[in-house]
Amino acid sequence: MSRCVCTHLFLELIESARRPWTSGGVIIPKGAIVMVPTYALHRDPEIWTDPETFNPERFSKENKESIDQYTYMPFGLGPRNCIGMRFALISMKLAIVELLQRFTISTCAETEIPMELGITGFLGPKRPIKLQLSHRSAGTQLTPQGCEAPVLFYYQIPVELDNMGLLAPKRPIKLQLFPRSAGAQLTPRG
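Mind the numbering: the sequence shown is residues 1 to 190 in UniProt numbering, read in order.
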């Protein structure tokens, strides 16, 4: 799953120059906006073999060590890399696990294979992805490796737009954490 997630991490890295900088005849004045085009870097055929093909094996343990750290940097590099990297990766993996626990996903007659990616500021398909989702029956639930029982639970939080146009909860969110035994059911408290 980690390798699949790695194949589609293409964020933009943008920073303001804190001081003037010169290298190889290129001058970057203080305050200039510098952007590393990671989408282009991660899709460069001179760096990646067949970059448009979905190939999670690129990020296997055997191949990962051969990747130059300056050619794959979806969360930036060094001391100023994204502090939310681990949270983002875990969130994506948990979302995938939750989806696969609840549904069987298969292609249908309208599924475009291979999918064509759009080239915009965000990574996404050129056209909508059409798949068939079927609810899993209670007896066929998938359990993440190492877990005794499915552990994911979502509670719908009512939200509204604040004065800046951002989503915010309508009332404070109070969470109570407590240990539970395997197989115990969670019940939201009002």
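For each residue, glycine too, the CB sits at the ideal point set by N, CA and C. Computed from a predicted model, the values in this text were never measured in an experiment.
**Study point:** Start-to-end residues for the alpha helix (DSSP H) that takes in I96
**Key:** Per DSSP, I96 belongs to the alpha helix (DSSP H) from 85 to 102.
Review point. Should R58 be labelled buried (16 or more other beta-carbon atoms within 10 Å of its own) or exposed?
Key: The Cβ neighbour count for R58, taken over all protein chains shown within 10 Å, is at least 16; the residue is labelled buried.
Exercise for review: Below 7 Å CB to CB, which residues in the same chain sit around T71 once its five sequence neighbours on both sides are set aside?
Suggested key: L41, I47.
**Study point:** Check whether E110 and P125 have beta carbons under 9 Å apart
**Key:** Not a contact, by the Cβ cut-off of 9 Å.
Exercise for review: Measure the Cβ-Cβ separation of M73 and L13 and say whether it is below 9 Å.
Suggested key: Against a cut-off of 9 Å, the Cβ pair of L13 and M73 comes out as a contact.
Review point. From T107 to Q132, what does the alpha carbon distance come to, in whole angstroms?
Key: Straight-line spacing of the CA atoms in T107 and Q132 works out to 6 Å.
Review point. If you count every other CB in all the chains shown that lies within 10 Å of the CB of residue 192, and 16 or more means buried, which is it?
Key: Residue 192 falls outside the range modelled here, since the chain spans only 1 to 190, and no answer is possible.
Exercise for review: Would you identify the three-state DSSP class for P150, choosing helix, strand or coil?
Suggested key: Annotation note: pLDDT 43 at P150 (below 50); position unreliable, no value reported.
Exercise for review: Identify the continuous alpha helix (DSSP H) that holds L131 and give its terminal residues.
Suggested key: Boundaries for L131: no alpha helix (DSSP H) harbours it, while the beta strand (DSSP E) harbouring it runs 131 to 135, taken from the DSSP string.
**Study point:** Where the alpha helix (DSSP H) containing E62 begins and where it ends
**Key:** Where E62 is concerned, the enclosing alpha helix (DSSP H) stretches over 61 to 64.
Check your understanding: Which of helix, strand or coil does DSSP assign to E112?
Key -> Coil.
Check your understanding: When DSSP labels each residue in this structure, what does T38 get in the three-state scheme?
Key -> Helix at T38.
Check your understanding: Taking the continuous beta strand (DSSP E) assigned at E52, which residues delimit it?
Key -> Unbroken run through E52: none, as it is neither H nor E.
Review point. Does DSSP put G76 in a helix, a strand or coil?
Key: In the three-state reduction of the DSSP assignment, G76 falls in the coil class.
Practice item. Report the rounded CA-to-CA distance for A32 versus D68, giving the unit in angstroms. Key: Rounded to the nearest angstrom, the two C-alpha atoms are 27 Å apart.
Check your understanding: Among E62, H135, R86, which one has its Cα closest to the Cα of Q101?
Key -> Q101 has its Cα closest to that of H135, out of E62, H135, R86.
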